[in-house]
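*Asks:*
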Amino acid sequence: MKVFNTLTKKKEEFIPLEEGKVKMYVCGPTVYNYIHIGNARPMIVFDTVRRYFEYKGYEVNYVSNFTDVDDKIINKAIEEGVSAQEVARRYIAECKKDMEGMNVLPATTHPLATEEICGMVEMIQELIDKGYAYEKNGTVYYRTRKFAEYGKLSHKNLDDLRSGERSLLVTGEDEKEDPLDFVLWKPKKEGEPAWQSPWSDGRPGWHIECSVMAKKYLGEEIDIHAGGEDLVFPHHENEIAQSEAANGKPFARYWMHNAFLNIDNRKMSKSLGNFRTVREISEQYNLQVLRFFMLSAHYRSPLNFSAELMEASKSGLERIVNAVDSLKYLLGSAKQEEMTAEEQEKAAKTEEFVRKFEDAMDDDFNTADAVAAIFDLVKYANTTAAGESSRAYLQSLLNLIVRLSGVLGLKVEKQEEMLDEEIEKMIEERQAARKAKDFAKADAIRDALLEKGIILKDTREGVQWKKA
Numbered sequence: 244m245k246v247f248n249t250l251t252k253k254k255e256e257f258i259p260l261e262e263g264k265v266k267m268y269v270c271g272p273t274v275y276n277y278i279h280i281g282n283a284r285p286m287i288v289f290d291t292v293r294r295y296f297e298y299k300g301y302e303v304n305y306v307s308n309f310t311d312v313d314d315k316i317i318n319k320a321i322e323e324g325v326s327a328q329e330v331a332r333r334y335i336a337e338c339k340k341d342m343e344g345m346n347v348l349p350a351t352t353h354p355l356a357t358e359e360i361c362g363m364v365e366m367i368q369e370l371i372d373k374g375y376a377y378e379k380n381g382t383v384y385y386r387t388r389k390f391a392e393y394g395k396l397s398h399k400n401l402d403d404l405r406s407g408e409r410s411l412l413v414t415g416e417d418e419k420e421d422p423l424d425f426v427l428w429k430p431k432k433e434g435e436p437a438w439q440s441p442w443s444d445g446r447p448g449w450h451i452e453c454s455v456m457a458k459k460y461l462g463e464e465i466d467i468h469a470g471g472e473d474l475v476f477p478h479h480e481n482e483i484a485q486s487e488a489a490n491g492k493p494f495a496r497y498w499m500h501n502a503f504l505n506i507d508n509r510k511m512s513k514s515l516g517n518f519r520t521v522r523e524i525s526e527q528y529n530l531q532v533l534r535f536f537m538l539s540a541h542y543r544s545p546l547n548f549s550a551e552l553m554e555a556s557k558s559g560l561e562r563i564v565n566a567v568d569s570l571k572y573l574l575g576s577a578k579q580e581e582m583t584a585e586e587q588e589k590a591a592k593t594e595e596f597v598r599k600f601e602d603a604m605d606d607d608f609n610t611a612d613a614v615a616a617i618f619d620l621v622k623y624a625n626t627t628a629a630g631e632s633s634r635a636y637l638q639s640l641l642n643l644i645v646r647l648s649g650v651l652g653l654k655v656e657k658q659e660e661m662l663d664e665e666i667e668k669m670i671e672e673r674q675a676a677r678k679a680k681d682f683a684k685a686d687a688i689r690d691a692l693l694e695k696g697i698i699l700k701d702t703r704e705g706v707q708w709k710k711a
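Each residue of the sequence shown is one higher than the one before, counting from 244 in the working numbering.
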């Protein structure tokens with residue numbers, strides 16, 4: 244199995260640290276709002292990577308954090324007049340709903356930054372003791388130039404580097420020994436959440452959070468560290484500097500990064516008015532369509548989101564779903580139990596599609612070619628399955644399509660359609676729950692309907708619904 248390693252800029256044979264096991268850390272979202280489709284790409288991509296490792300027989304320890312202390316969360320809390328913890332807790336719950344809709348498996352562990360502060364204080368102290376960090380007026384900085392290999396992931400020359408877009412500076416540049424030094428701990432401002440430390444009551448820098456959580460839940464050295472390519476510098480570069488200085492060994496063997504997602508050929512931004520949340524997409528499409536769309540291109544290729552491409556993805560997914568439905572229909576009236584000799588030959592030929600699928604995934608998780616292999620299998624099933632086919636042959640085709648689609652996290656078996664009266668009854672129950680301020684029950688009903696492919700939209704005129 245070949246993996247493109249951002250660290251070496253080439254595809255490398257995957258060799259795990261421990262045979263049969265994969266330790267994988269994926270940077271999760273900062274939870275201050277609903278997740279957007281840019282957040283969705285790494286979630287779907289690396290969930291698929293995990294699923295393929297498991298398909299190949301590996302035991303995967305998959306850790307993905309929630310950043311639940313951050314300037315954006317604090318600003319949202321101030322704006323709403325609630326605590327930062329309340330904002331974070333709310334949007335973690337909403338994020339998990341969207342992940343479920345996209346069929347993203349829960350991580351082995353979903354650590355929260357705020358629950359790991361003690362470990363962060365310990366690692367920062369260790370870096371100070373080793374001379375890699377220093378304190379000035381309650382702020383602790385990392386001595387970037389002391390780490391000789393700084394820049395090895397982003398392939399940047401130290402002297403050419405500038406601070407990353409997501410700065411954690413809260414005090415003047417003149418306090419730093421070097422403009423490139425970055426923050427490990429910062430003192431609190433008025434109204435901000437804070438924790439005790441030897442340097443000041445304050446909170447950790449963003450980068451130290453992931454170093455500590457990866458170490459606690461996976462160990463000092465891990466197999467794969469992954470995330471969006473926007474995290475290469477400064478976040479992942481700084482993680483390497485912190486972890487390798489503190490632990491005295493390589494941090495991650497393989498670094499994987501997905502490319503950017505554009506909207507109608509432009510970068511997604513609120514100012515351009517093309518900012519799309521996963522929740523908004525779910526009001527137009529079943530989120531399985533979004534997953535299919537994300538997997539229709541190689542993860543290292545830039546991906547352009549548009550209405551046309553989503554419609555094409557919907558049609559593509561329907562081709563697979565319809566083939567599965569057709570096989571189920573034929574199974575319902577199949578009379579012959581065992582395969583004929585001719586069918587056994589046909590069934591043996593399906594191994595060719597499995598080989599194509601595995602070759603694609605073994606080549607740096609090429610999901611676009613893996614989907615193409617499933618399409619070839621679907622075409623083969625459509626042309627070789629018929630009314631007189633045996634139950635065993637039809638079942639073998641059905642099982643194979645469902646199994647390979649499942650490796651990509653695609654649900655291709657049709658849900659039983661609900662009657663309109665059933666839908667209306669559940670909507671009434673949801674409205675009653677909302678009126679009684681039982682929002683947990685209201686959300687559960689909405690999720691149950693979404694699971695059945697029913698999309699709700701709350702409007703001034705009342706609740707509108709449609710089938711995805």
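The C-beta atom is built at its ideal place from N, Cα and C for all residues, glycine as well. These numbers were taken from a predicted model, which means no experiment stands behind them.
#1: Cα separation between K245 and H500?
#2: Alpha carbon to alpha carbon, what distance is there between M286 and H279?
#3: If we require 4 or more residues per run, which alpha helix (DSSP H) segments fall completely within the segment 311-365?
#4: Can you name the residues that DSSP bridges to F309?
#5: Y393 and E452: beta carbons closer than 8 Å?
#6: Return the CA-CA distance between E262 and F247, expressed in angstroms with no decimal places.
#7: Count the C-beta pairs between the segment 420-437 and the segment 380-389 that are closer than 8 Å, then say yes if the count reaches three, no if not.
#8: If I measure Cβ to Cβ from S639 and keep anything under 6 Å in the same chain, skipping five residues before and after, which residues do I get?
#9: Check for me: the alpha helix (DSSP H) holding M553 runs from which residue to which?
#10: With a threshold of 7 Å on Cβ separation, who are the neighbours of A376 within its own chain once the five nearest residues in sequence on each side are excluded?
#11: Check Q587 in the structure and name its three-state DSSP category.
#12: Rounded to whole angstroms, what's the CA-CA distance from R677 to L692? Just pull it up for me.
#13: Could you check where the alpha helix (DSSP H) with I483 kicks off and where it finishes?
#14: Closer than 8 Å is the cut-off here; do at least three beta carbon pairs connect the segment 592-602 with the segment 535-552?
#15: Answer yes if the segment 259-275 comes into contact with the segment 308-322, meaning at least three C-beta pairs across the two stretches below 8 Å, and no otherwise.
#16: So, helix, strand or coil for A687, using DSSP?
#17: With a cut-off of 8 Å, do at least 3 Cβ pairs link the segment 569-589 to the segment 551-558?
#18: Does the segment 495-512 come into contact with the segment 545-552, if we say contact requires no fewer than three beta-carbon pairs (one atom in each stretch) closer than 8 Å?
#19: Just curious, the beta strand (DSSP E) that V265 is in, first and last residue?
*Replies:* Taking the geometry as given:
#1: Stepping through the sequence shown from its first residue, residue 245 is reached at position 2. Stepping through the sequence shown from its first residue, residue 500 is reached at position 257. If you take the alpha carbons of K245 and H500, they lie about 15 Å apart.
#2: Residue mapping note: residue 279 aligns to position 36 of the sequence shown, counting from 1. Residue mapping note: residue 286 aligns to position 43 of the sequence shown, counting from 1. Those two C-alpha atoms are separated by around 11 Å.
#3: 314-323 and 327-344
#4: As a working mapping, residue 309 is identified with position 66 in the sequence shown. Its beta-bridge partners are L355.
#5: Within the sequence shown, residue 393 is the residue found at index 150, counting from 1. Within the sequence shown, residue 452 is the residue found at index 209, counting from 1. Against a cut-off of 8 Å, the Cβ pair of E452 and Y393 comes out as no contact.
#6: If you number the sequence shown from 1, residue 262 lands on position 19. If you number the sequence shown from 1, residue 247 lands on position 4. Between E262 and F247, the C-alpha separation is close to 20 Å.
#7: yes
#8: Start at 1 with the first residue of the sequence shown, and residue 639 comes out as number 396. Within its own chain, the residues whose Cβ lies closer than 6 Å to the Cβ of S639, once the five positions on either side in sequence are excluded, are A590, listed in chain order.
#9: As a working note, residue 553 is residue 310 in the sequence shown. Segment A550 to S576, the alpha helix (DSSP H) holding M553.
#10: Mapped onto the sequence shown, residue 376 falls at position 133. Only I367, L370, V383, Y384, Y385, R386 and L427 meet the Cβ criterion.
#11: Here residue 587 corresponds to residue number 344 of the sequence shown, with the count starting at 1. Residue state, collapsed to three classes: helix.
#12: For the purposes of this step, residue 677 is identified with residue 434 of the sequence shown, where counting begins at 1. For the purposes of this step, residue 692 is identified with residue 449 of the sequence shown, where counting begins at 1. One C-alpha to the other measures close to 16 Å.
#13: Locating residue 483 in the sequence shown gives position 240, where the first residue counts as 1. That run of the alpha helix (DSSP H) goes E480 to N490.
#14: no
#15: yes
#16: As a working mapping, residue 687 is identified with position 444 in the sequence shown. In this structure, A687 counts as helix in the three-state DSSP scheme.
#17: no
#18: yes
#19: Against the sequence shown, residue 265 aligns to sequence position 22. Looking at the DSSP string, the run of the beta strand (DSSP E) that includes V265 is K264 to V269.
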